[in-house]
Amino acid sequence: MSAGPHPFTLRQLQYVVAVADELSFHRAAARCRVSQPTLSAQLAQVEGALGVPLFERGGGRVLVTEAGREVVERARRLLVGADDLVQAALRIQDPLSGTVRLGVIPTVSPYLLPSATPKLRKRLPRLRVAWLEEKTDVLVRRLRDGELEGAVLALEAELGDADRDLERAVIAKDPFVLVTPPGHALARPAKSDVAVAQAELRGEELLLLDEGHCFREQALEACGAARVREGEFRATSLSTLVQMVAGGAGITLLPALAVEVEARRARLCVRPLRGPGAFRTLAVVWRKRSPLGPALEAVAAALRDAYPVVEARRRGEAG
85 MSAGPHPFTL RQLQYVVAVA DELSFHRAAA RCRVSQPTLS AQLAQVEGAL GVPLFERGGG
145 RVLVTEAGRE VVERARRLLV GADDLVQAAL RIQDPLSGTV RLGVIPTVSP YLLPSATPKL
205 RKRLPRLRVA WLEEKTDVLV RRLRDGELEG AVLALEAELG DADRDLERAV IAKDPFVLVT
265 PPGHALARPA KSDVAVAQAE LRGEELLLLD EGHCFREQAL EACGAARVRE GEFRATSLST
325 LVQMVAGGAG ITLLPALAVE VEARRARLCV RPLRGPGAFR TLAVVWRKRS PLGPALEAVA
385 AALRDAYPVV EARRRGEAG
């Protein structure tokens, strides 16, 4: 490690990342709250110090050069490390105080947070949790870039290369259940407490969430080799899925966590699903080198204790 002065500052790296994100000097300057000439001059200093152009300018657009892409990714990591250093210093005296930015996927937030929030406040009174609801890929990207300290998601989701850099604390195993209209062949009262085998789903029309929702891929995986027919309608929420089932458009799968709110309200038949992969594992994840690990472990413990135990979940675990 060099003991001499570095040829650029963290602030200059923030300018580099902002231009790469915005692909506009004007918008990057506004984001960094400096004038455009100031930002341009600082970027010129960085490019001069590194000896490579980071951006192509001209024709009314900005492009990141090949060399610039590597520099930008390294700059992101340095900035995240600097933020972690500040957080570590702030947390030395009281690691369970301050604000933690946590992401949460849409198929969890409306069913867990209402019961979990009061317990979090009671157990961790000095810790404020700022929640952001988004899809898994967005949360993982924001976590990697330091925009979030952690996220609540399903470990079965495709996390890409970020997976090896994440610590995790499991909250609960969330079984999947089959949801049908009352008159459906799979909804006969005699079968209501009996788990549905994958083979029974063969040829059925299954309603799913839209592309980008990790629960969509998990539902298809849970159906295994049943060769279900995917319905043409794609929902943006579990609530919409349930309403479509209530209207007779098909059947669907729900995580047991959502049953009490969604399926009971719509008076639909709910049966546990049997087979490998018929569940998801919910967990809090965070960057391995984050100084907030102890605080996030405590958050995970509070979420675990607040996790609702509904009848569909008990039946799923028993199966």
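Just so you know, we're using my numbering here: the sequence shown kicks off at 85 and counts up by one.
Don't be surprised by glycine CBs; every beta carbon is placed ideally from N, CA and C.
What does DSSP give as the partner residues of residue i in its beta bridges?
i: Ile335; result: Leu290
i: Thr183; result: Arg212
i: Leu285; result: In DSSP, Leu285 forms no bridge with anything.
i: Val35; result: Coverage of the chain is limited to positions 85 through 403, which leaves residue 35 absent and any answer about it impossible.
i: Leu262; result: Leu337, Arg355
i: Arg313; result: Glu289
i: Val278; result: Answer is none; Val278 lacks a bridge partner.
Just the Cα atoms here: how many angstroms apart are residue i and residue j?
i: Gly230; j: Asp167; result: 8 Å
i: Tyr195; j: Ile189; result: 11 Å
i: Gly359; j: Arg286; result: 14 Å
i: Phe139; j: Met328; result: 49 Å
i: Ala330; j: Ala159; result: 51 Å
i: Cys116; j: Leu250; result: 29 Å
i: Arg371; j: Leu380; result: 11 Å
i: Gly234; j: Tyr99; result: 25 Å
i: His43; j: Pro356; result: Given that the chain is displayed from residue 85 to residue 403, the structure contains no residue 43 and the question cannot be resolved.
Here's a check: name, in chain order, each residue in its chain whose Cβ is nearer than 6 Å to the Cβ of residue i, leaving out the five neighbours to either side.
i: Glu305; result: Gly361
i: Leu45; result: Given a span of 85 to 403 for the chain in the structure shown, any question on residue 45 remains unanswerable.
i: Ala402; result: Any answer about Ala402 is weak, because its pLDDT of 37 lies below 50 and its placement is not dependable; what the coordinates show is given next. Contacts found: none.
i: Leu387; result: Ala200, Ile255
Which same chain residues, not among the five before or five after residue i, have their C-beta less than 7 Å away from its C-beta?
i: Asp389; result: Lys203
i: Arg364; result: Ala238, Glu240, Asp258, Gln302, Pro339
i: Glu106; result: Ala112, Arg115
i: Val101; result: Val156, Ala159, Arg160, Leu163
i: Arg398; result: Since pLDDT at Arg398 reaches only 44, below the 50 mark, its modelled position is unreliable, and no value is offered.
i: Thr183; result: Arg212, Ala214
i: Glu314; result: Leu290, Leu292
Leaving out five residues before and five after residue i in sequence, what residues of the same chain have Cβ atoms less than 8 Å from its Cβ?
i: Ala172; result: Pro375
- prompt: Does the count of Cβ pairs from the stretch 140-160 and the stretch 260-271 closer than 8 Å reach three?
  reply: Taking 8 Å as the limit for Cβ pairs, the verdict is that the stretch 260-271 does not touch the stretch 140-160.
Legend entry - Entirely enclosed beta strand (DSSP E) segments - the stretch 93-168, minimum 3 residues: Within the stretch 93-168, the complete beta strand (DSSP E) runs of at least 3 residues are 139-142, 145-148.
Below 8 Å, can you find three or more Cβ-Cβ pairs linking the stretch 210-219 to the stretch 342-356? Flag = no, the stretch 210-219 and the stretch 342-356 do not touch.
*Which ranges does the beta strand (DSSP E) cover as unbroken runs of at least 3 residues, wholly within the stretch 318-392, from first to last along the chain?*
Qualifying beta strand (DSSP E) stretches, in chain order: 335-339, 353-356, 363-371.
Where in the stretch 190-256 do unbroken runs of the alpha helix (DSSP H), each at least 4 residues long, occur, reported from the N-terminal end onward?
Counting only runs of 4 or more, we get 193-207, 220-228.
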